[in-house]
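*Asks:* Each protein sequence line maps, in turn, to chains A and B. With the first letter of the first sequence counted as 1, position 70 gets the number 70 in the numbering used here; the numbers rise by one all the way through. Every position in the second sequence, counted from 1, becomes a number in the numbering used here once 1000 is added. Beta carbons are placed, not taken as given, at the ideal position from N, Cα and C, and that holds for glycine. Here the structure is a predicted model, which is why all the values come from computation and not from measurement.
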Amino acid sequence: MYWALARLSFQRQLAYRTANVAGLVTNLFFGALRAYVLIALFGAREAVAGYDVRAAVTYTGITQAMLSFLAAFGWWEIIRSVRTGQVATDLSRPVDFFWYHAAQDFGRALAQLLLRGLPLIALYALAYRIAVPPTPLHWLALPLSLALGLLISFAWRFLVNLTAFWTVDAMGIGRVASNLVLFLSGFIMPLAFFPDWAQAGLRFLPFASMVNAPVEVYLGVVQGPALVLTLLLQALWAVVLVLLSRVVLAAGVRRLVVQGG
Amino acid sequence: MNTLRLYSVLLGARLRSQMQYRGSFLLDLLGTMLGTLTYFLALAAVISRFGGIGGWTLWEVAFLYGLAETSFGLMDLVWGGYDYDFFSPRIRSGEFDQMLLRPLPLPLQILTSEFALRRLGRIAQGLAIFALSAHLSGVDWTAAKLLYLPVVIASSMAFFAALYVVGSTVCFWTIERLEVFNLLTYGGAEMLSYPMHIYHPWLTRFFTFVVPAAIQVYYPALYFLGKPDLTGMPGFMSFLAPFTGFGCLALSFAFWRFGVRHYQSTGT
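#1: Would you grab the beta carbon distance between residue 211 (chain A) and residue 55 (chain A) for me? Rounded to a whole angstrom, and I think it's under 8 angstroms.
#2: So, under 8 angstroms CB-CB, residue 252 (chain A) and residue 162 (chain A) are touching, yes? Tell me the CB distance rounded to an integer number of Å.
#3: Taking C-beta pairs closer than 8 angstroms, name the residues in chain A that residue 1028 (chain B) reaches, listed in chain order.
#4: Output yes or no for whether 9 angstroms exceeds the beta carbon distance between residue 1130 (chain B) and residue 1041 (chain B).
#5: Please state the DSSP three-state secondary structure of residue 139 (chain A).
#6: Which residues share a DSSP beta bridge with residue 196 (chain A)?
#7: Using C-beta distances below 8 angstroms, list every residue in its chain close to residue 93 (chain A), excluding the 5 sequence neighbours before and after it, in chain order.
#8: Rounding to the nearest angstrom, what Cα-Cα distance links residue 15 (chain A) and residue 1179 (chain B) in this structure?
#9: Since residue 90 (chain A) sits in a beta bridge, which residues does DSSP pair it with?
#10: What does the Cβ neighbour count give for residue 135 (chain A), buried or exposed, with the cut at 16 atoms within 10 Å?
#11: What in chain A is Cβ-close to residue 1174 (chain B), meaning under 7 angstroms?
#12: Reducing DSSP to helix, strand and coil, say where residue 169 (chain A) ends up.
#13: Whole angstroms are fine: how far does the CA of residue 238 (chain A) sit from the CA of residue 192 (chain A)?
#14: Can you tell me whether residue 1143 (chain B) is helix, strand or coil according to DSSP?
#15: Less than 9 angstroms between the beta carbons of residue 106 (chain A) and residue 150 (chain A), yes or no?
#16: Just by C-beta distance, which residues in the region 78-112 of chain A are closer than 8 angstroms to chain B?
#17: Quick check on DSSP: helix, strand or coil for residue 1215 (chain B)?
#18: Bridge partners of residue 52 (chain A), per DSSP?
#19: Verify the CB distance criterion: does residue 287 (chain A) have a CB-CB separation below 9 angstroms to chain B?
#20: Please report the residue range of the alpha helix (DSSP H) in which residue 1003 (chain B) lies.
#21: Below 8 angstroms between beta carbons is the criterion; list the residues of the region 1085-1109 of chain B that meet it against any residue of chain A, in chain order.
#22: Excluding the 5 residues preceding and the 5 following residue 1056 (chain B) in the sequence, name in chain order all residues of the same chain whose CB lies nearer than 6 angstroms to its CB.
#23: Does the CB of residue 1137 (chain B) have a neighbour CB from chain A at under 9 angstroms?
#24: Beta-carbon separation of residue 1049 (chain B) and residue 194 (chain A) under 9 angstroms?
#25: What is the residue span of the alpha helix (DSSP H) that residue 254 (chain A) lies within?
#26: Residue 52 (chain A) touches chain B at which residues, Cβ-Cβ below 8 angstroms?
#27: Sort out for me which residues DSSP pairs residue 1256 (chain B) with in a bridge.
#28: Applying a beta-carbon distance threshold of less than 9 angstroms, which residues of chain A neighbour residue 1045 (chain B)?
#29: Buried or exposed: where does residue 261 (chain A) fall if 16 or more other Cβ atoms within 10 Å of its Cβ makes it buried?
#30: Buried or exposed: residue 1222 (chain B), going by 16 or more other Cβ atoms within 10 Å of its Cβ?
#31: Using a Cβ cut-off of 7 angstroms, pull out every chain A residue sitting near residue 1022 (chain B), in sequence order please.
#32: What does DSSP give as the partner residue(s) for residue 1053 (chain B) in the beta ladder?
#33: Beta-carbon of residue 1018 (chain B) versus every beta-carbon of chain A: anything under 9 angstroms?
#34: When the Cα atoms are used, what is the spatial distance from residue 1252 (chain B) to residue 1165 (chain B)?
Pasting the structure below:
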């Protein structure tokens, strides 16, 4: 059932070819822009905070490749369905509301990873000398870390969307939330380059687990015990946010008023 | 004069409707402010950790950023109607056809069709950062510089407006907005936040001679800050901004008129 939902959602993404090409060009441009900035920042330095220039340039590529995978600019399915009244139908389906949306989002995300993520990394590999995961262990940890990042990101977006059950301003809240995520997750700049006091807090927030963690797993910035801790923290946030989503959903359903038509 | 009165009447109606939901408005204001402010905070955090970028200090970079943000934000407030994101749906829905029928100047209708006060959030953060940087980057403010500053801002607004007008005109043929224009507008604005010499020379040349974004912000900023030019351009480049800015706007309107003459409705 959920598998079928995911597959349909995956296939829907394949239909938008020109949009995907245009999106790819945009990702490449913004990625290259940030790569120039990081190269200039490094100047003659060899390494900063465990990153060399090559790792920093790769960072810009991977974050851009993950943008559409995580729907980082916003995902408003539930807000829209509350506005149109569709949510009433969705809630009365004999499937779990959370996993109904999650399955579709995972299908969408996988399509975006294949259509936009991988081609972008390939183009990056042509333009720059990019880094690859240093050990087989990192190769194995990467898909796990990406999947956990996606689950955390989905649960977070789900929670933000649920505000629509309480307020008509959910869209405004959503915009504020997705801007915060872009900043706090390491999308704009690697968290490792933030001041130490800021990093200490940011690394433990769920946002770092969405983006910064998978990228640092890819780059091999985290090794040995640090790698295990990174994955454990991601798993912890995934469990916490999924449980929280369910609690808030249950409260929201009791509160929801669907306007007719 | 009559046009000006109409503009203020239509605009007044827009503004009043936006102030009806004060809570939503404040939230939107906060959202637009955070969207750009967080970008600057990330930039500031990283630049201060590395101690500058390409020979520029944090506050010199902030000067570029503030100048670009303020100009783009002000333009976006006034010219929002020509934002292709809003304009292309108007073509698709047939709303543009209605505009053509009304006995009012077309640009007047389009300019007043979208005037989102929440953009003040972006302008406020741009201005605040600009004011801070104008002080902290140690600019030696002479009378000439103070006189030139509003000219530079107005010219940059004209230049960004031209991008919107071209982006919307293209929609006459494509119906859908072209995402590629985001590279020039949002991408251009982000690119302008850093000294141009850090980019590949071809990128700098493209954004100087083809799409003269650098002439609007970067080269004038060199004059204000008294920084040497590392891109190898003559000194008068700092003073071309009004010519390229308003020149681009005039050209874009010529293209717009051409587009309107050749417009075919979608039939909806």
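*Replies:* Let me spell this out:
#1: In this structure, residue 211 (chain A) and residue 55 (chain A) do not form a Cβ contact; the two beta carbons are roughly 15 angstroms apart against a cut-off of 8 angstroms.
#2: About 5 angstroms; that satisfies the 8 angstroms criterion.
#3: Listed by position along chain A, the residues whose Cβ is nearer than 8 angstroms to that of residue 1028 (chain B) are 172 and 175.
#4: Residue 1041 (chain B) sits away from residue 1130 (chain B), with the two beta carbons spaced by 9 angstroms or more.
#5: Correct three-state label for residue 139 (chain A): helix.
#6: According to DSSP, which records beta bridges pairwise, residue 196 (chain A) is partnered with nothing at all.
#7: Apart from the 5 residues on each side of it in sequence, residue 93 (chain A) sits with its Cβ closer than 8 angstroms to the Cβ of 100 in its chain, given in chain order.
#8: Cα to Cα, residue 15 (chain A) sits roughly 17 angstroms from residue 1179 (chain B).
#9: DSSP lists no partner for residue 90 (chain A).
#10: Residue 135 (chain A) should be labelled exposed.
#11: Neighbours of residue 1174 (chain B) on chain A: none; closest Cβ ~11 angstroms, over 7 angstroms.
#12: The answer is coil: DSSP assigns residue 169 (chain A) none of H, G, I, E or B.
#13: Between the alpha carbons of residue 192 (chain A) and residue 238 (chain A) lies a distance of about 22 angstroms.
#14: Here residue 1143 (chain B) sits in helix by DSSP.
#15: By the CB criterion at 9 angstroms, residue 106 (chain A) and residue 150 (chain A) fall inside the cutoff.
#16: In summary, no residue of the region 78-112 of chain A has a CB separated from any CB of chain B by less than 8 angstroms.
#17: DSSP places residue 1215 (chain B) in helix when its eight states are reduced to three.
#18: For residue 52 (chain A), DSSP records a beta bridge to A:47.
#19: There is no way to answer for residue 287 (chain A), as the model of chain A reaches only from 1 to 261.
#20: Start and end: 1002-1018.
#21: Within the region 1085-1109 of chain B, no residue qualifies.
#22: Hits under 6 angstroms: 1195.
#23: With 9 angstroms as the cut-off, residue 1137 (chain B) does not count as an interface residue toward chain A.
#24: In contact: residue 1049 (chain B) and residue 194 (chain A) (Cβ atoms closer than 9 angstroms).
#25: From DSSP, the alpha helix (DSSP H) with residue 254 (chain A) extends over 225-255.
#26: Those do not exist, as residue 52 (chain A) stays about 14 angstroms from chain B at its closest Cβ, beyond 8 angstroms.
#27: Checking the DSSP bridge columns, you'll see residue 1256 (chain B) has no partner listed.
#28: Residues of chain A with a Cβ closer than 9 angstroms to the Cβ of residue 1045 (chain B) are, in chain order, 189, 193, 194, 195 and 198.
#29: Unreliable placement is indicated for residue 261 (chain A), whose pLDDT of 45 sits below 50; the coordinate value is still reported in the next sentence. Exposed, by the Cβ-count rule.
#30: That one is buried.
#31: The premise fails here: residue 1022 (chain B) is roughly 11 angstroms from chain A at the closest Cβ pair, so nothing lies under 7 angstroms.
#32: When DSSP reads this structure, residue 1053 (chain B) sits in a beta bridge with B:1056.
#33: No Cβ of chain A is located within less than 9 angstroms of the beta carbon of residue 1018 (chain B).
#34: Annotation: residue 1252 (chain B) to residue 1165 (chain B) spans about 6 angstroms, alpha carbon to alpha carbon.
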